[in-house]
Amino acid sequence: MSGIPLLDTLNGRVGSPPPVWLMRQAGRYLPEYKETRKLAGGFVDLCLNPELACEVTMQPIRRFGFDAAILFSDILIVPYGVGRRLEFVEGRGPVLDPIESEAEIPPFDADAFHAKVGNVYETVARLHEALPKEVALIGFAGSPWTVASYMVEGGSSRDYAKLKGWAYGRPEGFAKLMDLLVDATVAYLDRQVAAGAQVVKLFDSWAGAAPESVFRHAVVEPTAEIVRRLKALHPEVKVIGFARGAGAMTRDYAAATGIDALALDSAIPLAMACALQAELPVQGNLDPIALVTGGDALRSETDRILEALSGGPFIFNLGHGIVPQTPPEHVKALLKQIRG
Ligand code: 1CP
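For the sequence shown, the working numbering gives the first residue as 994, with consecutive numbering after it.
Written as structure tokens, this is what we have:
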């Protein structure tokens, strides 16, 4: 036992109560986040300010005592690091200059990348110093498919038509973009782990947009390559994979990528979650809207999950990120229920 409950679970231990943290546990539902955000300028400035990014990472740890802290940054810092323009527009979300042609995809330049995003590693180093030793530190990156969606669509998308158009119709350009993102992600996570992250999470939030044939080469294979290369550099690092919306293809993702634990979205039935838990530790999967609703609904949804998954290695979490309208006192009630 390491004295760090989340790491013990990732090593296969069955703990009671299970360790708990919440996706997007820092952010706009917390008044103290909104105050710090005002000091930063834009959202990208906040992600690249080690003092303020460390502060907002620590806020939910101080308020709630979660078992893990997740680095405050964003998956779109990787496109920014490879030279794409990135802006977060209030009420609209991320805006990037969409990649229109293969000629716009450069080979990976590690020095230029680290020069642009190096402050993130400084944030990780500060967190490593600041966190209580029993709290695990999670670094992260978006997975290539999900990050590519923002790079070719120019922001969030409803139908991923451009992304899929590349995957089906421009295989060489698509492969070049995936290769760039695999290289950048390995370099980025390597430095996060070197700075003190014990666990990394790969967010493939739009994995569910990939049909079966695309899923193999755009979700499973790039993820497997990242895990293989990262573990060659850092054999001790633990990787949590999240292929949101992958449904029945989640099994292939869990079995073929080399991840250490599987984060589940709220649409995965608990019977399937249990079956997957026989293969590897699982994390999830409370509906973020149950946390907004609170009361009896939150209690019964939480009980269902605890009953189904507490018999194996399990990390309690949401099935997707906390939404801004979540009352912080519902988070407190959830922790009380889990920890007794
Ligand atoms: O104004 C604000 O404060 C911006 C809101 C916000 C925050 C708090 C964004 C914009 N990003 C973040 C932080 C963030 N993003 C974290 C660290 C916070 C924590 O977990 O405590 C993490 C891990 C992310 C990861 C992220 N960003 C994902 C993957 C996880 C998921 O929720 O699916 C994705 C898809 C993004 C893109 C993104 N960032 C922000 C927006 C508005 C979006 C677009 C989402 C969309 O396309 O629907």
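No residue lacks a Cβ here, since even glycine has one placed at the ideal position from N, Cα and C.
Legend entry - CA nearest to the CA of F1309, picked from R1332, R1055, L1130: When each option's Cα is compared against that of F1309, the closest is R1332.
Inset, instruction - Tell me, please, whether the stretch 1066-1075 touches the stretch 1006-1021 by the rule of three or more beta-carbon pairs shorter than 8 Å. - result: The stretch 1066-1075 is not in contact with the stretch 1006-1021.
Legend entry - Close Cβ partners of V1193 (< 8 Å) along its chain, the five nearest in sequence each way excluded: Listed in chain order, the non-local C-beta contacts of V1193 below 8 Å within the same chain comprise I1131, G1132, F1133, A1134, L1182, Q1185, V1186, L1223, V1230, K1231, V1232, I1233, local neighbours out to five positions each way being set aside.
Inset, instruction - Quick one: give me the first and last residue of the alpha helix (DSSP H) that F1167 is part of. - result: Counting along the chain, the alpha helix (DSSP H) containing F1167 begins and ends at 1164-1187.
Inset, instruction - Tell me where the beta strand (DSSP E) around I1063 begins and ends. - result: Run containing I1063: 1061-1063, per the beta strand (DSSP E) assignment.
Inset, instruction - Could you name the residues that DSSP lists as bridge partners for D1197? - result: Residue pairing by DSSP places D1197 opposite A1236 in a beta bridge.
Legend entry - Alpha carbon of T1106 to alpha carbon of A1168, nearest angstrom: Reading the sequence as shown, one finds Phe at residue 1106 and not Thr. Cα-Cα distance, rounded: 20 Å.
Legend entry - Which listed residue (I997, K1109, G1147) has its alpha carbon closest to that of R1085: The shortest C-alpha separation from R1085 is found at G1147.
Inset, instruction - Note down the Cα distance separating I1282 from I1092, rounded to an integer number of angstroms. - result: So the two alpha carbons sit approximately 34 Å from each other.
Legend entry - V1275 beta carbon less than 9 Å from that of M1242: For the 9 Å CB-CB criterion, M1242 and V1275 do not form a contact.
Legend entry - Secondary structure, beta strand (DSSP E): runs of 3+ residues fully inside the stretch 1267-1330: Qualifying beta strand (DSSP E) stretches, in chain order: 1275-1279, 1307-1311.
Inset, instruction - Can you check the stretch 1038-1074 for any alpha helix (DSSP H) of at least 4 residues that lies completely inside it and give the ranges in chain order? - result: Whole alpha helix (DSSP H) segments, 4+ residues: 1043-1057, 1070-1074.
Inset, instruction - Find the nearest neighbour of R1078 within the set G1058, V1145, A1180, judged by alpha-carbon distance. - result: Of G1058, V1145, A1180, the residue nearest in Cα terms is V1145.
Legend entry - Near the ligand 1CP: L1284 beta-carbon under 8 Å from a heavy atom: No, the Cβ of L1284 stays beyond 8 Å of every heavy atom of the ligand 1CP.
Legend entry - At least three beta-carbon pairs within less than 8 Å, the stretch 999-1009 to the stretch 1317-1331: They do not touch, by the three-pair rule.
Legend entry - Cβ shell of L1041 (< 6 Å), same chain only, five flanking positions each side left out: Closer than 6 Å at Cβ, skipping near neighbours: N1112.
Inset, instruction - Kindly confirm or deny that the stretch 1110-1127 and the stretch 1036-1053 touch, where touching means at least three C-beta pairs closer than 8 Å. - result: Yes, the stretch 1110-1127 touches the stretch 1036-1053.
Inset, instruction - Thinking V1117 and G1189 are a contact (beta carbons under 8 Å), I'd like their distance in whole angstroms, please. - result: Yes, V1117 and G1189 are in contact; Cβ-Cβ is about 5 Å, under 8 Å.
Legend entry - Bridge-paired residues (DSSP) for E1080: As computed with DSSP, E1080 is found in a beta bridge with V1088.
Legend entry - Between the CA atoms of E1272 and L1263 - distance to the nearest angstrom: One Cα belongs to L1263, the other to E1272, and the distance between them is close to 15 Å.
Inset, instruction - Return yes when the C-beta of Y1026 is under 8 Å from any heavy atom of the ligand 1CP, and no when it is not. - result: Within the cutoff, so yes.
Legend entry - P1053 CB to nearest heavy atom of the ligand 1CP below 8 Å: Checking every heavy atom of the ligand 1CP against the Cβ of P1053, one is found closer than 8 Å.
Inset, instruction - Measure the CB-CB distance between A1202 and K1157 and report whether it falls below 9 Å. - result: Yes.
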